[in-house]
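As C-alpha cells, the structure follows; a few thoughts come after it.
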Amino acid sequence: MLTDKEREEIHEEMMAYPYPSAVCVDALKIVQRHRGWISDSAVADIASELGMSADAVDGIATFYTRIYRKPVGRNIILVCEGISCMVMGYEPVYKHISAKLGIGFGETTTDERFTLLPVSCLGDCDHAPVMMINDDHYNNLDIKEIDAILEKYV
Amino acid sequence: MEYPLTEHINPGRSPLGIDEYIRAGGYRGVDRALKEMSPSDIVSIVRASGLTGRGGGGFPTGLKWSFMPKENDGGIRYLVTNADEMEPATFKDRYLLEGNPQLLISGMIIASFAIGASKAYIFMRWAYKKAEKIIRKALAEAYESGYLGRNILGTGFDLDIYLHTSAGRYMCGEETGLLNSLEGKRGIPRTKPPYPAVSGLFGRPTVVNNVETLCWMPSLVLNGSDWFIKLGRTGEGGTKLYGVSGRVRKPGLWELPMGTTLREIIYDHAGGMLDGYKLRGIIPGGASSDFMVESDLDTPMDFKSPVKAGSRLGTGTMVILDDKTCPVKFIHNMLKFFAEESCGWCTPCREGLPWVVKVLASLENGTGKEGDIEILEHQSWYMGPGNTFCALAPGAVEPMQSGVKYFRDDFQKHIDGKRCPWR
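Line order of the protein sequences matches chains B and D.
Every position in the first sequence, counted from 1, becomes a number in our numbering once 982 is added.
Every position in the second sequence, counted from 1, becomes a number in our numbering once 474 is added.
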C-alpha cells in the first residue's frame, strides 16, 4: 500500500501530465525517496495506483539507472568514472573509499551505512575528479579530504 | 565582444531573481515577441539567423520549427527543453541552468509562442540537484510575475512550464527516447518518421530543443538575425559555450565567438597543458566525437570546419588526451560508458559495443592478440551511420575509429608487449 504522503506526491505530479501512467518514472522516484529502494511490493503499489500491470512498471523501473531494485544503504556514494574524471584520477578516489569501507562497486557495508556505485559523467568535468553522496556534489577531490567527507554521513 | 548567454551569470553567486532580471532588461525579448511580433515573424528571424542546435546535432533550429503543422487543429502543442546533459565531458548546460534560469525560461516563452505551444517541459538530468532547486524557484517567480500561466501580458497567450527530472540513462538525451521517457516509458528511441513535429509528446506536435539553443531567443528577437550572424567568425552566427577538461592549466568554460579555433580555446583560455604533460589528442565535442590532433589546432570550431578534419563540433566541450594517459584506456573508458548506456533496442549496438569493450579490456590487461585492431575497425564500420536505430552507436564508435587511426602504434604495442606500456 502506498502511504498517504506517497500518494499525495504522485497525484501532485499527475497535474503536469495528461494521463496517470505518464508519471510512472516520477512515481518510482517518489516511492524510492521514501523507502530507499523499489521492492516488488513497491512495484505492485505503483502499478495499482497508475492502472498499469506490475510487469509494465517493472520494465520501466529496471530501465533506469537511478531506480534501485535491490536494497541500498542509508547513504549512496556515486564515484564519477567519466572520461575527464578518469584522466584526472577517479581510480585513486575509488580505491581509497573501497579500502576504507571494505566494499567494491555495487556493494553495501554490513552496517548498511553506505552503498558504493559508479556513475557516468556528472557534468562537472572542469573540476574533476568528482563524486556525489546522496544529493551532495564534491569536486576537485583530494584523497586527503575524503575521510572527513564520509564522516558527515551516518 | 558580446556575451548574450552569460552576461548575467556571476560564478559563485546566486542567479538573478526575476525582478533583478527584469530590471536588467532580461525580459525585453519576451515583451517584444508577445506584444509586437507574430509567431511567423519569430520563426523567420530564427531561420534567417541560421541558428543551429547547440546540443551537438547542429540541425537548423528554424527549419525544425517550420516542420510544425501549419494548420491549427485546436489541440495541444508542446515545447520540450532537452536539459538531460549526459554526454561525457560535457558541462555547458549545467552552467546556464544554474547561472541564469530566467534566460532559459524567457527563451522557452518566446519559442513556445513561435510554435504555438501552450505546454512545455524541461527534461533535466537527475544529477543536477542545484539546478533543480534554482529552476523550480525561477518557474514559481515567473508565474507570480505573470510571465507564465493564463493570458500572459494580457496577450491571450497561455503557457505552463513543468520541470521533469530524469532517472538516468544516456538514451534519454536522444529526442525520441526523451519523449518516451517523459511519457513515463522506457527511454528507447522511436522510429522516424513520423518526426516529433508531427507526432511527438503524447502524440502531439512537439519541438525538442537544447538549453543553449533556447537561451538565444530573447537576444535574437531583440537584435535580429544580422546581429547574430556577425557575432560568429566564420559565417555561422552567434557565440558558443566552449569547455576544456583534462590536464590543462585552467580547465573551464567560456562563451566565445562561434568559430574560435581549437588553439585559442586550449592555449589562450585553458592555459595550455600542465607542466610535464604533452597534448596528444582532443575529443572536441563530448565522448561521441572523433579525435582531433595537434595538426588540427587551427581548425575553427564551428559546425562545418571540424568535419573537414574528420570530426565534429558536438557539444563544444572537449577533453584532452595527454601523453601520460594510455590512449587505449582512454578509449576503453568511453566505449564502456556507451556499452552500458545502450538501450538494447537494436543488434549492432547491443552486441557490438560489449564486444569492442571486451577487446579493449583485453588489450589493456595484456591478453590482446593479432586481429584485435581489425575487429575494432570492422565494428567501427558495422555500428556506423545507417546500420542502427539511432545515433548512439555511430557516435560511440567515433572516438574508437579515429583513435585506432591516430594511435595505431600504441594499440600494437599492447599486443606485442602483452601489457599496457603506461602501467
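No residue lacks a Cβ here, since even glycine has one placed at the ideal position from N, Cα and C.
Here the structure is a predicted model, which is why all the values come from computation and not from measurement.
Asked: From what residue to what residue does the alpha helix (DSSP H) around D:E825 run?; Found: T821 to E838
Asked: For D:A865, which of helix, strand or coil comes out of DSSP?; Found: coil
Asked: Do the region 598–617 of chain D and the region 630–644 of chain D make contact, defined as three or more Cβ pairs closer than 8 Å?; Found: yes
Asked: Among D:P774, D:P670 and D:A498, whose alpha-carbon lies nearest the alpha-carbon of D:Y716?; Found: D:P774
Asked: Compute the Euclidean distance between the alpha carbons of D:Y595 and B:F1045, then round it to the nearest angstrom.; Found: 22 Å
Asked: I want to see whether chain D comes within less than 7 Å of B:C1006, judged by CB atoms only; does it?; Found: yes
Asked: Which residue wins for smallest C-alpha separation from D:E572, given the options D:P895, D:A557, D:A563 and D:G623?; Found: D:A557
Asked: Under 8 Å Cβ-Cβ, which residues of chain D neighbour B:T1047?; Found: A641, G642 and R643
Asked: With H, G and I counted as helix, E and B as strand and the rest as coil, what does DSSP make of D:R599?; Found: coil
Asked: Please decide whether D:Y636 counts as near chain B, where near means a Cβ-Cβ distance under 7 Å.; Found: yes
Asked: So D:G760 and D:G530 are in contact, right, with Cβ under 8 Å, and what is the actual spacing, rounded?; Found: 6 Å
Asked: Taking 7 Å as the CB-CB limit, is B:V1069 close to chain D?; Found: yes
Asked: So, is D:P489 buried or exposed, given that buried needs 16 or more other C-beta atoms within 10 angstroms?; Found: buried
Asked: Chain D beta carbons: is any one of them nearer than 7 Å to that of B:P1000?; Found: yes
Asked: For the putative contact between D:P758 and D:M808, defined by C-beta atoms under 8 Å, what is the C-beta separation to the nearest angstrom?; Found: In fact, because the Cβ distance is near 13 Å, the residues do not count as touching under 8 Å.
Asked: Taking C-beta pairs closer than 8 Å, name the residues in chain B that D:V793 reaches, listed in chain order.; Found: I1065, S1066, V1069 and C1107
Asked: Figure out for me which residue from D:V685, D:G658, D:K798 and D:K603 has the closest Cα to the Cα of D:V431.; Found: Any answer about residue 431 of chain D is impossible in this case: the structure gives chain D only from 475 up to 897.
Asked: If D:I805 sits next to D:V718, beta carbons under 8 Å apart, how far is it from one beta carbon to the other, in whole angstroms?; Found: Not quite, the Cβ-Cβ distance comes to about 19 Å (not below 8 Å), so this is no contact.
Asked: Is D:L736 near D:L705, with beta carbons less than 7 Å apart?; Found: no
Asked: Any beta carbon from chain B within less than 7 Å of D:A601's own beta carbon?; Found: yes
Asked: What are the uninterrupted segments assigned as beta strand (DSSP E) that are 3 or more residues long and contained completely in the region 527–596 of chain D, given in chain order?; Found: 552–557
Asked: Quick check: the Cα distance between B:L1032 and B:P1002, rounded to an integer number of angstroms?; Found: 5 Å
Asked: Are D:F702 and D:S523 touching if we call contact CB-CB under 7 Å?; Found: yes
Asked: Could you pull the start and end residues of the alpha helix (DSSP H) that D:P513 belongs to?; Found: P513 to S523
Asked: Could you check whether the region 746–753 of chain D touches the region 506–525 of chain D, counting it as contact only if at least three pairs of C-beta atoms, one from each stretch, sit closer than 8 Å?; Found: no
Asked: With DSSP run on the structure shown, which of helix, strand or coil describes D:T734?; Found: coil
Asked: Using beta carbons (cut-off 7 Å, strictly below), is D:A761 in contact with chain B?; Found: yes
Asked: So, with DSSP's three-state summary, where would you put B:M1034?; Found: coil
Asked: Does B:C1062 get closer than 7 Å to chain D when you measure Cβ to Cβ?; Found: no
Asked: Grouping DSSP H, G and I as helix and E and B as strand, with all else coil, what is B:P1000?; Found: coil
Asked: Can you find a C-beta in chain B that's less than 7 Å from the C-beta of D:F565?; Found: yes
Asked: So D:T555 and D:N654 are in contact, right, with Cβ under 8 Å, and what is the actual spacing, rounded?; Found: The Cβ separation is near 17 Å, so there is no contact.
Asked: Just list the beta strand (DSSP E) runs in the region 666–702 of chain D, keeping only unbroken ones of 3 residues or longer that don't cross its boundaries, in chain order.; Found: 680–684
Asked: Taking Cβ positions, are B:P1111 and B:Y1072 nearer each other than 7 Å?; Found: yes
Asked: Hey, out of D:P663, D:T687, D:T650 and D:L688, whose CA is closest to D:G674's CA?; Found: D:T650
Asked: Determine, using beta carbons only, whether B:K987 comes closer than 7 Å to chain D.; Found: no
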